Ligand SMILES: [Zn+2]
């Protein structure tokens with residue numbers, strides 16, 4: 001399709017802000033002929049050989065990926081342009097934004113099958129692609145690395161009860177823990193993402209196009225573009241200790257991979273174990289990072305937090321399921337826990353842990369000494385991707401809220417790790433969840 005063939009849209013169909021001074025036709029990107037777009041060689045050994053990813057819209061001819069930056073927030077960026085608050089031509093000034101810690105490069109970065117859902121070079125864009133930036137390519141980082149103090153009531157309580165001891169280095173007197181934190185945007189290399197899910201790339205592209213209501217025509221029209229910046233949530237990594245130690249299998253690593261649960265993580269809802277497990281993991285990470293081994297050096301801790309609300313089904317589905325569970329005949333029971341989710345969502349889970357280990361490979365991790373997780377899906381994905389796991393750490397019973405017993409029993413019966421007894425069929429039939437009005 002040539003540029004001329006792009007259908008003109010009547011100005012009346014667009015809001016006033018979109019009419020002027022911008023062109024009065026929609027620029028379809030579903031045609032090739034982009035002059036000046038740089039090639040991408042996914043899995044190349046160096047950033048120079050790999051080439052920069054250009055997902056910005058300031059110069060469409062430079063674009064070499066499908067989609068735009070910031071994951072789901074790309075829609076807000078469009079809104080800001082539509083509202084006249086943001087110039088389409090704005091280029092990020094990257095002065096002083098460089099990572100506080102250098103991560104990698106690690107051998108895993110050059111293995112095209114190990115990292116398929118993020119850009120390993122995404123934090124070092126300003127350094128690695130200085131030439132292209134100077135030549136006018138608008139290249140944005142997809143990863144940012146910074147430092148922070150995190151202060152959690154559960155950690156302060158652990159200090160007060162003597163379970164954690166401030167060392168003035170990793171943990172301060174008041175209970176603040178020092179971390180390096182990393183924000184990661186999703187960047188999918190479609191040929192390898194398709195392989196992870198056992199489907200053809202053509203099918204993956206077509207279904208992504210169709211099931212988003214035709215949001216990205218290039219998925220089906222531009223088979224020459226292999227990289228997709230999907231409009232989904234990203235990940236945040238919290239590192240307790242020296243980030244470089246993550247890649248050293250001799251240094252004891254305590255890690256949790258956690259999927260977002262806003263209701264529990266932030267608001268303390270007691271129907272699940274998400275926040276108790278997260279804060280327990282943070283306590284374990286601090287302990288592990290402080291631990292002095294034979295060599296006299298500490299360990300390192302890691303929490304990788306993925307924006308996959310409600311098993312990636314979203315909060316509306318999740319709350320519908322809560323009601324269905326609590327209103328069903330016989331009350332909220334563990335034996336119906338997954339069935340109720342399936343009734344509403346069609347599946348039990350959409351998190352697809354297949355892509356989750358990518359961030360671990362990006363950090364150079366080869367061994368997790370203590371995995372603070374009971375999930376068999378996470379464990380299988382991590383070990384299946386070639387990372388060794390030492391011991392698995394379950395959540396202590398006293399941290400499980402009463403209303404969350406239904407979820408915990410259902411998960412253990414379904415294969416989640418537990419050092420204790422797996423609940424039997426009779427046990428699962430006993431209603432343990434609170435009623436809606438209780
Ligand atoms: Zn939860």
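Residue numbers (the UniProt record's numbering): 1 to 438.
Every residue, glycine too, gets a C-beta built ideally from N, C-alpha and C.
Computed from a predicted model, the values in this text were never measured in an experiment.
Any heavy atom of ligand 1 within a distance shorter than 8 Å of the CB on residue i?
i, result
"residue 273", "yes"
"residue 261", "yes"
"residue 226", "no"
"residue 203", "no"
"residue 264", "yes"
"residue 373", "no"
"residue 269", "yes"
Inspect the beta-carbon positions of residue i and residue j and report whether they are closer than 9 Å.
i, j, result
"residue 188", "residue 117", "yes"
"residue 179", "residue 254", "no"
"residue 258", "residue 287", "no"
"residue 228", "residue 67", "yes"
"residue 305", "residue 216", "no"
"residue 77", "residue 69", "yes"
"residue 141", "residue 97", "yes"
"residue 185", "residue 143", "yes"
"residue 338", "residue 414", "yes"
"residue 314", "residue 433", "no"
"residue 371", "residue 280", "no"
"residue 381", "residue 357", "yes"
"residue 145", "residue 181", "yes"
"residue 361", "residue 108", "yes"
"residue 273", "residue 154", "no"
"residue 311", "residue 348", "yes"
"residue 246", "residue 172", "no"
"residue 44", "residue 51", "yes"
"residue 379", "residue 392", "yes"
"residue 333", "residue 430", "yes"
With DSSP as the reference, identify every bridge partner of residue i, one or two as the case may be.
i, result
"residue 189", "227"
"residue 435", "According to DSSP, which records beta bridges pairwise, residue 435 is partnered with nothing at all."
"residue 271", "DSSP lists no partner for residue 271."
"residue 133", "None, per the DSSP bridge assignment."
"residue 143", "184"
Please list the terminal residues of the continuous alpha helix (DSSP H) segment that includes residue i.
i, result
"residue 325", "315–327"
"residue 151", "Residue 151 -> no alpha helix (DSSP H), and no H or E assigned at all."
"residue 306", "Note, residue 306: premise wrong, no alpha helix (DSSP H); beta strand (DSSP E) at 300–306."
"residue 286", "274–290"
"residue 209", "201–211"
"residue 375", "Residue 375 -> no alpha helix (DSSP H), and no H or E assigned at all."
"residue 64", "It is not in any alpha helix (DSSP H) - residue 64 carries neither H nor E in the DSSP assignment."
"residue 416", "Premise fails: residue 416 is in no alpha helix (DSSP H) and is neither H nor E."
Which residue comes first and which comes last in the beta strand (DSSP E) that contains residue i?
i, result
"residue 240", "235–240"
"residue 257", "253–259"
"residue 180", "177–184"
"residue 367", "367–371"
"residue 390", "388–392"
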